[in-house]
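Notes follow the structure.
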Amino acid sequence: MENCLEIFQVRRARIGDVRSIHGILMHNANNGLLLPRPLNQLYSHIRDFYVLEDSTGVIQGCCALSITWEDIAEIRSLAVNEELRGRGFGAKLVRTCLAEAVELGLKRVFTLTYQVGFFGKLDFVEVTKDVLPQKVWADCIHCPKFPECDEHAMLLELEGLAPCGTEE
Ligand SMILES: CC(C)(COP(=O)(O)OP(=O)(O)OC[C@H]1O[C@@H](n2cnc3c(N)ncnc32)[C@H](O)[C@@H]1OP(=O)(O)O)[C@@H](O)C(=O)NCCC(=O)NCCS
15 MENCLEIFQV RRARIGDVRS IHGILMHNAN NGLLLPRPLN QLYSHIRDFY
65 VLEDSTGVIQ GCCALSITWE DIAEIRSLAV NEELRGRGFG AKLVRTCLAE
115 AVELGLKRVF TLTYQVGFFG KLDFVEVTKD VLPQKVWADC IHCPKFPECD
165 EHAMLLELEG LAPCGTEE
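For any residue, its number in the working numbering is found by taking its place in the sequence shown, counting from 1, and adding 14.
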């Protein structure tokens, strides 16, 4: 696994990555795994994103940290290309976002997901959606699935995690 991580890098997204991110999200949205996001939203939220880039410069995955309220942020738009799954890249993307969340002074991070096992390995615990009122009223009401959302709400308390740049 270490060799894989050496020839791929997780870095902050740039404007030039938006169409690649959009393609990855659309592909997974078409498979019902996450919600699509329009290009204009990706441009305006590009600073939320990290990408997984291979040694040829191709974007192979992405993940966003979206601040929701004074003490809480959301992990969203997470995806790794199918051929590269199971090699630790998804975890690396999420941990990079978590390190930034700690650096920002956030206390908790949540996600709405079908990947309960994956986030469980990262110490997220399942909660009821009513512990995320800001999310529900800011975003969920615009979602085509509302109010019949079948995603699982999962939460991680950040106390004790290391900030950006101090992660191994
Ligand atoms: C979810 C996703 C990003 C995981 O990426 P990945 O690179 O395959 O995950 P990793 O290799 O980093 O896995 C980390 C750990 O989680 C485990 N894991 C991964 N997916 C899992 C799943 N669906 N259920 C249970 N465990 C899982 C891995 O086995 C690994 O365990 P280990 O640390 O004991 O080896 C990837 O499957 C994906 O892109 N899915 C489609 C889009 C999606 O569902 N996104 C989530 C939206 S919130």
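For glycine and all other residues, C-beta sits at the position ideal for the given N, C-alpha and C.
All of these numbers come straight from a predicted model, not from anything done at the bench.
Please report how far the alpha carbon of residue i lies from the alpha carbon of residue j, in whole angstroms.
| i | j | result |
| --- | --- | --- |
| LEU169 | LYS143 | 10 angstroms |
| ASP137 | PRO158 | 29 angstroms |
| THR82 | GLU88 | 7 angstroms |
| PRO161 | LEU79 | 23 angstroms |
| PRO52 | GLU165 | 20 angstroms |
| ILE73 | ASN45 | 19 angstroms |
| ILE86 | ASN42 | 26 angstroms |
| LEU126 | ASN54 | 22 angstroms |
| MET40 | GLY119 | 32 angstroms |
| GLY134 | VAL141 | 12 angstroms |
| GLN148 | GLY71 | 37 angstroms |
| GLY131 | VAL139 | 10 angstroms |
| ARG101 | ASP153 | 32 angstroms |
| ARG33 | HIS156 | 23 angstroms |
| LEU56 | ILE38 | 12 angstroms |
Could you check if residue i is buried or exposed, using at least 16 other CB atoms within 10 Å of its CB as the buried criterion?
| i | result |
| --- | --- |
| ILE35 | buried |
| ARG99 | exposed |
| ILE29 | exposed |
| LYS121 | exposed |
| VAL108 | buried |
Is it the case that the Cβ atoms of residue i and residue j are separated by a distance below 8 angstroms?
| i | j | result |
| --- | --- | --- |
| ILE60 | ALA113 | no |
| LEU47 | TYR128 | yes |
| CYS77 | SER58 | no |
| ASP62 | PHE22 | no |
Ignore the nearest five residues each way along the sequence and tell me which others in residue i's own chain have a CB closer than 6 angstroms to its CB.
| i | result |
| --- | --- |
| VAL94 | GLY75, PHE103, GLY104 |
| VAL116 | LEU172, LEU175, PRO177 |
| LYS106 | VAL24 |
| GLU97 | none |
Can you list, in chain order, the residues of its chain with a C-beta nearer than 7 angstroms to that of residue i? Leave out the 5 residues immediately preceding and following it.
| i | result |
| --- | --- |
| LEU146 | PHE124, ALA167 |
| ASP31 | VAL65, ILE73 |
| THR110 | VAL24, TYR64 |
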